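Undergrad: Residue numbers (full-length UniProt numbering): 1 to 248.
Even glycine gets a Cβ: it sits at the ideal position worked out from N, Cα and C.
Predicted model only: the values in this text are computed from it and were never measured.
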Amino acid sequence: MYNITKTKITGGRIIGGEEANAGQFPFAAAIYKSTADGRFFCGGAVAQPQWIITAGQCVDCALLFTIRLGSNNLNADDPNVLLLSTETYFLHPDYDPLTLSNDYGLIRLRMPITFTEYIWAASFLSANPLPAGAEVLTVGWGQISDETAGLVDDLRYVNLVTLSNEECRMVFGNQVNDNMVCVAGNNNEGTCRGDLGSPLIQYVGPMVFNVGVASFISSNGCESSDPSGFTRTYSYFDWIHNVTSNNT
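1) Identify every residue that forms a DSSP beta bridge with Ala-29.
2) DSSP puts Asp-154 in a beta bridge; with which residues?
3) Whose C-alpha, out of Ser-126, Tyr-89, Ala-149, Val-136, is nearest the C-alpha of Trp-51?
4) Taking the beta carbon of Ala-214 as the centre, do at least 16 other beta carbons fall within 10 Å, making it buried, or is it exposed?
5) For Ile-52, which three-state DSSP category applies?
6) Taking the alpha helix (DSSP H) that Ile-240 falls in, what are its first and last residues?
7) Should Val-81 be listed as close to the ligand ZN, given that the test is whether its C-beta is under 6 Å from any heavy atom?
8) Please classify Glu-147 as buried or exposed, where buried requires at least 16 other C-beta atoms within 10 Å of its C-beta.
9) Return the Cβ separation of Pro-49 and Pro-97 in integer angstroms, given the expectation that the two are a contact with Cβ distance under 8 Å.
10) In chain order, what residues of the same chain lie with their CB nearer than 7 Å to the CB of Cys-42, ignoring the 5 residues before and after it?
11) How would you label Glu-19, buried or exposed, when you count the other beta carbons within 10 angstroms and need 16 or more for buried?
12) DSSP three-state label for Met-170, please.
13) Apart from the five residues on each side of it in sequence, which residues of its chain come closer than 6 Å, Cβ to Cβ, to Gly-78?
14) What's the C-alpha gap between Phe-27 and Glu-167?
15) Indicate whether the contact test is met: 3 or more Cβ pairs, each with one atom in the region 91-106 and one in the region 122-131, closer than 8 Å.
16) Do Trp-120 and Gly-194 have their beta-carbon atoms positioned less than 7 Å apart in this structure?
17) Does the Cβ of Arg-232 have 16 or more other Cβ atoms within 10 Å, making it buried, or fewer, making it exposed?
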């Protein structure tokens, strides 16, 4: 997570990539989490009219969420923006904050939202594992370099490719399990501090699949050649379905 009440960074680039156009990624959610220890920022994705998908780290110990939808800019007075507050979340019951295993969370909005050109869901959830070499992308407002702390104003995206878990373990060791996936891009592209919880997206024709959520980065820094780590969505397909079906 990115602590926005202090200068301290608490955890984890859209490094590289490009600035998104208005409405290009209408599922993107900016999440402000209030806890007893401060206020933190995460990314997320609209999954259904009343549900946001994010990382388990991004919901754990939350007292209140403020969620910004519909605008690429975090600060602009945008007529398309929708600001929502909620306190209801579901953390995967087997989430481990030390190993980041089962790092998956759901936020329930107080009321279903109405979709627009600028607010829409990445409503297809991956029910199959991603093979190595799959073309994916991620979006976020996180840091764009190790030297420049702070979120960026405008949403960015980067195209990435999935790695095998064997390749991923060469960097992160046995922390990497089958419910995780690593991704890498050209020229050290990937996620950074402030991108935690952001979606990993795969396009299959016109369909937008949420295939993962940003979970961890290398201690060597965002601009290292090390891959970025995500939690695979397919591993939690049944859990997501059960939670969203039974808690409307």
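TA: According to the structure shown:
1) On the sequence shown, residue 29 is found 29 positions in, with the first residue counted as 1. In the DSSP assignment, the residues bridged to Ala-29 are Gly-44.
2) Locating residue 154 in the sequence shown gives position 154, where the first residue counts as 1. Partner(s): Asn-73.
3) Translated into positions along the sequence shown, residue 51 becomes position 51. When only C-alpha atoms are compared, the closest one is Tyr-89.
4) Position 214 of the sequence shown, counted from the start, is the residue given in the question as residue 214. Result: buried.
5) Taking the first residue of the sequence shown as position 1, residue 52 is located at position 52. Collapsing the DSSP output to three states places Ile-52 in a strand.
6) Working through the sequence shown from its first residue, we reach residue 240 at position 240. Note, Ile-240: alpha helix (DSSP H), 237-246.
7) Inclusion of the ligand ZN in the displayed structure is not the case, the ligand content being empty and no account of it being possible.
8) If you number the sequence shown from 1, residue 147 lands on position 147. Label assigned to Glu-147: exposed.
9) Within the sequence shown, numbered from 1, the residue matching residue 49 stands at position 49. Within the sequence shown, numbered from 1, the residue matching residue 97 stands at position 97. In fact, because the Cβ distance is near 30 Å, the residues do not count as touching under 8 Å.
10) By 1-based counting over the sequence shown, the position of residue 42 is 42. Within the same chain, Cys-42 has close Cβ partners Met-1, Ile-31, Lys-33, Thr-54, Ala-55, Cys-58, Leu-196, Gly-197.
11) Translated into positions along the sequence shown, residue 19 becomes position 19. Classification of Glu-19: exposed, given that the 10 Å Cβ count is below 16.
12) To locate residue 170, count along the sequence shown from 1; it is residue 170. Assignment of Met-170 by DSSP, reduced to helix, strand and coil, places it in the helix class.
13) For the purposes of this step, residue 78 is taken as residue 78 along the sequence shown, with counting starting at 1. The sequence shown places Asp at residue 78, rather than the Gly named in the question. Within its own chain, the residues whose Cβ lies closer than 6 Å to the Cβ of Asp-78, once the five positions on either side in sequence are excluded, are Ser-71, listed in chain order.
14) In the sequence shown, counting from the first residue as 1, residue 27 sits at position 27. In the sequence shown, counting from the first residue as 1, residue 167 sits at position 167. Between Phe-27 and Glu-167, the C-alpha separation is close to 30 Å.
15) In short, these stretches do not touch, since the Cβ pair count stays below three.
16) Residue 194 sits at position 194 when you count from the first residue of the sequence shown. Residue 120 sits at position 120 when you count from the first residue of the sequence shown. In terms of Cβ geometry, Gly-194 and Trp-120 do not form a close pair [threshold 7 Å].
17) Against the sequence shown, residue 232 aligns to sequence position 232. By the Cβ-count criterion, Arg-232 is buried, with 16 or more other Cβ atoms from all chains shown falling within 10 Å of its own Cβ.
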